[in-house]
Amino acid sequence: MSKSVDVERIIAETLRTAGVQGAHDAAIAEALRNRGLLLDGIETAISGFSGEHRWLSNFWLSPVTLDGVTAATAEHHYQAAKAMNTDDWSQVMSAETPGAAKRAGSAIEARDDWDDVKVQVMRRVTEAKFKYPDLAKRLLDTGHAPLIEENHWHDTFWGVCSCDVHGYSGQNMLGRILMDVRQSLRVKLSA
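Numbering (the UniProt record's numbering), first residue to last: 1 to 191.
As structure tokens, this is what we get:
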């Protein structure tokens with residue numbers, strides 16, 4: 001279930017996982033801002049891309065067209081971008097569900113430069129997903145709320161893992177990309 005996470009919880013959990021005690025509030029807020037978890041004037045974040053915020057997930061069942069090719073979901077495009085040959089690409093793109101696309105993408109041999117380009121690929125896929133007016137509006141309607149891809153499956157690169165092992169830590173790269181895309185949409189609307 002998706003939920004709003006208040007800043008106090010983020011601060012408390014960040015402090016706990018960092019082992020910080022008695023830190024100054026301004027330093028804590030700055031650390032959270034640097035992680036993309038806090039913006040001035042924001043009291044809540046959208047945390048966990050499920051329930052009413054499922055549409056933020058790459059698993060959202062909505063076609064995404066990128067470079068003239070339409071896939072069933074953003075996850076299909078992202079996973080297919082790993083492929084080194086057309087057979088693997090086709091296998092991922094024809095997967096029946098986003099979960100099946102992820103499994104297929106995990107099973108293929110990834111291109112040699114994947115670690116170097118995966119963030120750029122995710123950015124392009126996310127931009128393509130939010131070119132659709134209804135999704136663009138929904139993203140803009142999140143205002144300035146931090147978007148946190150909270151998970152429990154240990155993904156500390158794309159999200160923030162809230163399991164007992166990781167506490168509440170992660171780079172939140174998907175959340176950051178979503179916030180960047182949202183800001184780009186704002187700029188385009190104001191031009």
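Ideal placement from N, C-alpha and C gives every residue a C-beta, glycine not left out.
Owing to the predicted nature of the structure, the values given are computational and were not obtained by experimental measurement.
In this chain, the beta strand (DSSP E) harbouring T70 covers V69 to A71.
Looking only at E127, V121, G48 and E109, the smallest Cα-Cα distance to D87 is reached by E109. V125 is classed as buried because its beta carbon has at least 16 other beta carbons within 10 Å across all chains shown. For I177, the uninterrupted alpha helix (DSSP H) segment begins and ends at M173 to S190. Under the DSSP definition of a beta bridge, T65 partners with T70.
Among the bridge pairs identified by DSSP, L147 is matched with I46.
One thing to note: R123 has its Cβ within 9 Å of the Cβ of I177. Within the DSSP bridge table, the entry for S57 names no partner.
Contact between the stretch 53-60 and the stretch 70-85 is present: three or more C-beta pairs spanning the two stretches fall below 8 Å.
When the beta-carbon positions are compared, G48 and E150 come within less than 9 Å of each other.
The C-beta distance from I46 to L147 rounds to 5 Å, short enough to meet the 8 Å contact threshold. Counting only the Cα atoms, A101 lies some 37 Å from A191. The three-state reading of DSSP puts V160 in strand, counting E and B together. Inter-residue distance for A136 and K188 is about 11 Å (C-alpha atoms, whole angstroms).
With a contact defined as Cβ atoms closer than 8 Å, V160 and N172 qualify at about 5 Å. In this structure, the straight-line span from the alpha carbon of T44 to that of N85 is close to 44 Å.
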